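Numbering (this note's numbering), first residue to last: 61 to 189.
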């Protein structure tokens, strides 16, 4: 009988479990997880000829800029963990964008060199026998 009364007391406060996970009523920063995921994938995607990493890195940087402005306008409204996730994603996006840009530049130089070698070959001499 006593146990039923104790369980009723726990059930009367439905916000009890949500208060443990978020004691100050703060919410997650919008797109913080998306920025982190896109930033990590941009690092991995830089090896796909630079295009995928560059696109995902730029998207992550744009989203992190918007989330950073939201956090700067009212830091008490958002959790610190989501802000740290956003900052880590931004760093990953910068690294991924930089690596992708370098890879893409190297690829363009490589194609230009191959094109110059192919066009500079004496094809007439090779075909005449």
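Note that beta-carbon positions come from the ideal geometry of N, C-alpha and C, so glycine has one too.
Small disclaimer: the values here were computed from a predicted structure and weren't measured.
Euclidean distance between Cα positions of residue 116 and residue 105: 8 Å
Top-ranked residue by Cα proximity to residue 144, from 160, 159, 85, 127: 127
Using 10 angstroms around the beta-carbon of residue 110, count the other beta-carbons present and answer buried if the total reaches 16, otherwise exposed. buried
Which residues DSSP lists as bridging residue 87, in chain order: 138
Leaving out five residues on either side along the sequence, give the residues of the same chain with a beta carbon under 8 Å from the beta carbon of residue 92. 127, 142, 143, 145, 146, 149
Can you find the residues in the same chain that come closer than 8 Å, C-beta to C-beta, to residue 121, ignoring five residues on each side of it along the sequence? 150, 153, 154, 157
Does DSSP classify residue 152 as helix, strand or coil? helix
Taking the continuous alpha helix (DSSP H) assigned at residue 126, which residues delimit it? 111-133
Applying the criterion that 16 or more other CB atoms from any shown protein chain within 10 Å of the CB defines a buried residue, is residue 99 buried or exposed? buried
Run of the alpha helix (DSSP H) containing residue 99, from where it starts to where it stops: Following the DSSP letters along the chain, one finds residue 99 inside the alpha helix (DSSP H) bounded by residues 92-105.
Classify residue 95 as buried or exposed, calling it buried when 16 or more other Cβ atoms lie within 10 Å of its own Cβ. buried
Assuming residue 159 and residue 113 are in contact, meaning their beta carbons sit under 8 Å apart, how far apart are those beta carbons, in whole angstroms? About 7 Å separates the beta carbons of residue 159 and residue 113, which is inside the 8 Å limit, making them a contact pair.
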